[in-house]
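Notes follow once the structure below has been shown.
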Amino acid sequence: MLLQPRSPRGCSRGRIGPEGGDVPEGDTVWLVCQRLDDALSGDVLTRSDFRVPQLATTDLVGRRVLQTVPRGKHLLTRIEGGITLHTHLRMDGSWHLYRPGVRWGGGPDHRIRLILSTAGWDAIGYRLHDVELLETAREDDVVGHLGPDVLDPAGFDADEAVRRLRDQPEREIGQALLDQRNLAGIGNLYKAEALFVERLSPWTGVSDVPDLDAVVRTAARLIGRNKGHASQSTTGDSGRDRQHYVFERGGKPCRRCGEPVATAMQGDPPYDRITYWCLRCQPGPHPEPQKRPRSGSGAYDRRAHRSSP
Ligand SMILES: [Zn+2]
Numbered sequence: 101m102l103l104q105p106r107s108p109r110g111c112s113r114g115r116i117g118p119e120g121g122d123v124p125e126g127d128t129v130w131l132v133c134q135r136l137d138d139a140l141s142g143d144v145l146t147r148s149d150f151r152v153p154q155l156a157t158t159d160l161v162g163r164r165v166l167q168t169v170p171r172g173k174h175l176l177t178r179i180e181g182g183i184t185l186h187t188h189l190r191m192d193g194s195w196h197l198y199r200p201g202v203r204w205g206g207g208p209d210h211r212i213r214l215i216l217s218t219a220g221w222d223a224i225g226y227r228l229h230d231v232e233l234l235e236t237a238r239e240d241d242v243v244g245h246l247g248p249d250v251l252d253p254a255g256f257d258a259d260e261a262v263r264r265l266r267d268q269p270e271r272e273i274g275q276a277l278l279d280q281r282n283l284a285g286i287g288n289l290y291k292a293e294a295l296f297v298e299r300l301s302p303w304t305g306v307s308d309v310p311d312l313d314a315v316v317r318t319a320a321r322l323i324g325r326n327k328g329h330a331s332q333s334t335t336g337d338s339g340r341d342r343q344h345y346v347f348e349r350g351g352k353p354c355r356r357c358g359e360p361v362a363t364a365m366q367g368d369p370p371y372d373r374i375t376y377w378c379l380r381c382q383p384g385p386h387p388e389p390q391k392r393p394r395s396g397s398g399a400y401d402r403r404a405h406r407s408s409p
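In my numbering, the protein residues as written are 101 to 409.
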């Protein structure tokens, strides 16, 4: 059973987070926030159990949850009294929602970082990162550095994103698109797919990109198309192995030209990431491709949205 993005009510349980292996894209975080918001907002906390040392004695019982919103890949849960809970999923974090009395199945108890309960739901945060409380008025302390949010409900400021990218003209476009200070919400998947659509090698210098505006708008369009869906298709096809152009398709034929999709690591360890591209369709500078291209499993999996058996 799939957890419906907009209506967790009626579902007894389910994991809402990445499977591990890669940082989730902004649309995944958006979906997680939507589900937490649907489940908790408007209701009073009947239990708060922080299992991180710095907040171990914090008690939010009796306070109403106001809303949960995404900012890039950060989650901000606003709570009565001018309090904001900041969390981040990073590689392996997830939130699980359970009806009261249902057995939790998100992993061993020592992976739990936070429990928030209302009369209707238990929200269990497994392996969450950056768990902290701050004044709602000071949210910029944790998200103020972010560039324009591609999923900003008020509208994505593409011009500002382009301006920030241009500030570092020597950077490789594949790296620059992942830098959340330039634009927030884009991860490895939408980076690879947008660069394929725009026919650019990920190693192209920002100053050599002929139409930076088009790259930014394409990335935003691809991620926006998947907002609110459990699947992440950039091709418009949701069939198995048909959802992406190059991402996680190392060694498989390019959908445009048939050339095997190449893979190589981009960036400096430990922040290097596997990158997928077509040597023929995406000309430009690039390193020697890996001899045995990787076909995937490096990224999170939205099948994780299915509830536990
Ligand atoms: Zn190709």
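Beta carbons: idealized from backbone N, C-alpha and C, even for Gly.
This one's a predicted model, so the numbers in the text were calculated from it and none came from an experiment.
- In chain order, 378, 380 and 381 place their CB closer than 7 Å to the CB of residue 357, counting only its own chain and leaving out the 5 sequence neighbours on each side.
- For the pair residue 179 and residue 134, the Cα-to-Cα distance works out to about 16 Å.
- In the three-state reduction of the DSSP assignment, residue 198 falls in the strand class.
- If the five residues before and after residue 177 are omitted, its C-beta is found closer than 6 Å to the C-beta atoms of 168 and 185, all from its own chain and listed in chain order.
- Around the Cβ of residue 181, a 10 Å sphere holds fewer than 16 other Cβ atoms; the residue is exposed.
- Our two residues, residue 158 and residue 232, have alpha carbons roughly 11 Å apart in a direct line.
- Contact between the segment 240–257 and the segment 281–291 is present, with at least three C-beta pairs closer than 8 Å.
- Within 7 Å of the C-beta of residue 359 there is at least one heavy atom belonging to ligand 1.
- Boundaries of the beta strand (DSSP E) around residue 178: 174–179.
- Taking 8 Å as the cut-off, the Cβ atoms of residue 145 and residue 161 count as close.
- A check of alpha carbon separations from residue 141 across 166, 150 and 316 identifies 166 as the nearest.
- Within the same chain, and ignoring the five residues on either side of residue 393 in sequence, the residues whose Cβ sits closer than 7 Å to its Cβ are 350, 351, 360, 361, 362 and 363.
- Assignment of residue 274 by DSSP, reduced to helix, strand and coil, places it in the helix class.
- Fewer than three beta-carbon pairs drawn from the segment 321–338 and the segment 301–313 are found closer than 8 Å, and the two stretches are therefore not classed as touching.
- In this structure, ligand 1 has a non-hydrogen atom nearer than 7 Å to the beta-carbon of residue 356.
- When the beta-carbon positions are compared, residue 214 and residue 151 come within less than 8 Å of each other.
- Residue 338 sits in coil when the DSSP states are folded into three classes, being neither helix nor strand.
- Collapsing the DSSP output to three states places residue 147 in a strand.
- Assignment of residue 293 by DSSP, reduced to helix, strand and coil, places it in the helix class.
- Distance between residue 328 and residue 132, taken at the CA atoms: about 9 Å.
- Relative to ligand 1, the beta carbon of residue 378 is positioned inside 7 Å of a heavy atom.
- Rounded to whole angstroms, residue 139 and residue 305 show a C-alpha spacing of 44 Å.
- When the five nearest sequence neighbours on each side are left out, the beta carbons in the same chain lying within less than 8 Å of the beta carbon of residue 137 are those of 167, 168 and 169, in order along the chain.
- For the pair residue 289 and residue 274, the CB atoms are not nearer than the 8 Å cut-off.
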